[in-house]
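Q:
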Amino acid sequence: MRESPELPKSIRLPEPRHHGSVSLEAALRHRESIRDFGDAPLALGELSQLLWAAQGVTHGDGLRTAPSAGALYPLEVYVVVGRVQDLEGGVYKYRPRAHQLTRINEEDLRPALAAAALEQTWMNESAALLVFSAVSERTTRKYGHRGIRYVHMEAGHAAQNVFLQASALNIAAAVVGAFEDARVHRIMMMGAGEQVLYLMPVGRPARGRR
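Residues 1 to 210 (the working numbering) make up the sequence shown, in order.
1) Nearest-angstrom Cα distance between residue 197 and residue 177?
2) Going by the C-beta, is residue 149 closer than 7 Å to any heavy atom of the ligand GTP?
3) Looking at the secondary structure, which residues open and close the alpha helix (DSSP H) in which residue 161 lies?
4) Quick one: what's residue 100 bridged to in DSSP?
5) How many whole angstroms separate the CB atoms of residue 87 and residue 199, which I take to be in contact at a CB cut-off of 8 Å?
6) Take the Cβ of residue 65 as the centre, count every other Cβ of all protein chains shown within 10 Å, and call the residue buried at 16 or more, exposed below.
7) Pick out whichever of 37, 167, 124 and 20 has its Cα sitting closest to the Cα of residue 203.
8) Would you mind listing the alpha helix (DSSP H) stretches within the region 38–62 that are 4+ residues and don't spill past its ends, in chain order?
9) Taking C-alpha atoms, which residue in 179, 80 and 142 lies nearest to residue 107?
10) Please classify residue 110: is it buried, with 16 or more other beta-carbons within 10 angstroms of its beta-carbon, or exposed?
11) How about residue 123 and residue 112: are their beta carbons less than 8 Å apart?
12) Could you pull the DSSP bridge partners for residue 20 from this structure?
13) Residue 133: which of 32, 78, 53 and 27 sits nearest, CA to CA?
14) Is it the case that the Cβ atoms of residue 70 and residue 168 are separated by a distance below 8 Å?
15) Do you know how far the Cα of residue 72 is from the Cα of residue 148?
If you want it as structure tokens, here you go:
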């Protein structure tokens with residue numbers, strides 16, 4: 001996404017927790033796609049944990065939670081914020097190395113993205129919407145055309161990480177791959193070398209879902 005020079009605001013996220021009360025096996029057992037969201041907001045710490053699960057740094061040499069061919073990390077992660085405590089609405093870019101968010105747009109783009117996703121209006125009710133994109137050239141300059149496959153695999157790894165973290169935190173999540181590529185690209189104001197891959201709405205589950 002092309003960043004606006006008028007919105008240089010960066011937010012340091014709460015430090016991610018590396019120990020939880022839910023086992024990996026339990027998170028796997030209870031993982032499901034949930035599209036029914038409640039009205040309660042997410043806590044900033046919960047959003048922090050989801051982003052860390054997606055692309056957080058785990059080692060001093062910059063390795064991340066999701067495997068990446070050649071450790072080249074072509075993915076970018078954005079958050080369209082609707083209802084997150086202590087965080088203004090708008091669009092943010094996740095900075096994995098600093099574990100920060102940079103606000104790059106003040107608009108709530110959830111309705112526009114839902115419309116571009118073949119009118120999947122349930123997305124409007126999410127507390128936040130993660131947008132996964134890729135700068136594939138980071139990978140293809142080393143691996144050639146086969147690198148495209150590696151990029152797509154990496155997006156799947158990252159999304160599953162978010163799913164499992166959401167399961168452990170009792171957060172509703174679902175993935176969306178049906179959308180108009182060019183329209184989402186335009187809504188998110190992405191650069192020419194960036195491709196949107198995945199949309200992932202998250203939020204508090206509606207009453208009775210968990």
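Even glycine gets a Cβ: it sits at the ideal position worked out from N, Cα and C.
A: The short version:
1) 7 Å
2) Looking at this structure, you won't find the ligand GTP or any other ligand, since it has none at all.
3) 146–169
4) 12 and 95
5) Not really, about 19 Å apart at Cβ, beyond 8 Å.
6) buried
7) 37
8) 44–55
9) 80
10) buried
11) no
12) None, per the DSSP bridge assignment.
13) 78
14) no
15) 13 Å
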